[in-house]
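Here is the structure we will look at.
In my numbering, the protein residues as written are 8 to 229.
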C-alpha cells in the first residue's frame, strides 16, 4: 500500500456520493485545504426526533474539528454526555462559480465541499479547550488569537466546546464550464461561468479604539 493511499480517508457508505462520484475526493490535502479556507460550517443533528442544522464557526487542529457555543445550548448539552455523545454531520462549502448552460437543466455551480460524519464529544480538559478556542479565532482571522486577550476563567465556564474527529470524511469538487448537450450548442443563449469569490471591505475601527493602534498586518493580508 502506497503512502498516498495510507494518507487518504477511507470511503464509507455515507461518504460515497450517489451522483457524480468522479467529483469525490478522499485525500487529506484536498479536505484540509477546503476546511482551512473556511470558518463557517453547518452542523446537523437530530433533536427530539427532528433534524436540526445550525450555522456556526469551527476551527481545525490536525485531525480534529472544534465547534463552540453556550454551555446551555442543546447540541452542546447532548454532546456533553460521555456515552454516546452526539451523532452529527458537519458540512463546509465554497461556491467558486455560477455555471450557466444553454439549457436550464444543465445549470450548475463550481464548488468545493467537505462532509464529515461522526460523534461529537464535549471538551472537558481546560488546556484543550484553550487550544480549541484559539483555533476558532485563528480560523476566522489567522494570527488573531495571539493579538487578543485570551478567555478568562469566567468566560471559559460560560463556553462549551465540542470536538469532532476527522474519521468519516469526503470532499466533493466541481470545476469547469457547462455541460451543454450537442444539440443545444447553436442556441442563441449566452453560456459560461460567472466566478464567485469572497471579498473583504475596508476595516472599520471600533468607536473607542485608542489613537495610535495601527491596523495589524494579518488583517491587511486578508
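Glycine included, each C-beta is placed from N, C-alpha and C at the ideal position. Bear in mind that the values here come from a model prediction, so they are computed numbers and not experimental data.
Query                                                                                                                   : Result
Complete beta strand (DSSP E) runs within the region 14-58 (minimum length 3 residues, chain order)                     : 47-54
Among 19, 118, 14 and 59, nearest to residue 230 - alpha-carbon criterion                                               : As shown, the chain starts at 8 and ends at 229. That puts residue 230 outside it, with no answer to give.
Distance between residue 136 and residue 178 (C-alpha atoms, nearest Å)                                                 : 27 Å
Close beta carbons around residue 109, own chain, < 8 Å, minus the five adjacent residues each side                     : 185, 187, 188, 191, 192, 194, 196 and 198
Nearest-angstrom Cβ-Cβ length linking residue 106 and residue 200, presumed shorter than 8 Å                            : 5 Å
Beta-carbon spacing of residue 173, residue 123 below 8 Å                                                               : yes
Exposed unless 16 or more other CB atoms sit within 10 angstroms - verdict on residue 75                                : buried
For residue 42 and residue 121, believed in contact at Cβ under 8 Å, the rounded distance                               : 6 Å
Residue range of the alpha helix (DSSP H) that includes residue 134                                                     : 133-147
Inter-stretch contact at 8 Å, needing at least 3 Cβ pairs: the region 15-23 / the region 64-73                          : no
Residue 181 vs residue 130 beta-carbon contact at 8 Å                                                                   : no
Buried/exposed call for residue 211, threshold 16 Cβ in 10 Å                                                            : exposed
Nonlocal neighbours in the same chain, by C-beta distance under 6 Å from residue 24, ignoring five residues either side : 31
Exposure of residue 56, with buried meaning 16 or more beta-carbon neighbours within 10 Å                               : exposed
Extent of the continuous alpha helix (DSSP H) to which residue 169 belongs                                              : Unbroken run through residue 169 is the beta strand (DSSP E), 166-172; no alpha helix (DSSP H).
Residues bridged to residue 118 (per DSSP)                                                                              : 102 and 181
Alpha helix (DSSP H) segment containing residue 224, residue limits                                                     : 224-227
Buried or exposed (CB count within 10 angstroms, at least 16 for buried), residue 44                                    : exposed
Exposed unless 16 or more other CB atoms sit within 10 angstroms - verdict on residue 152                               : buried
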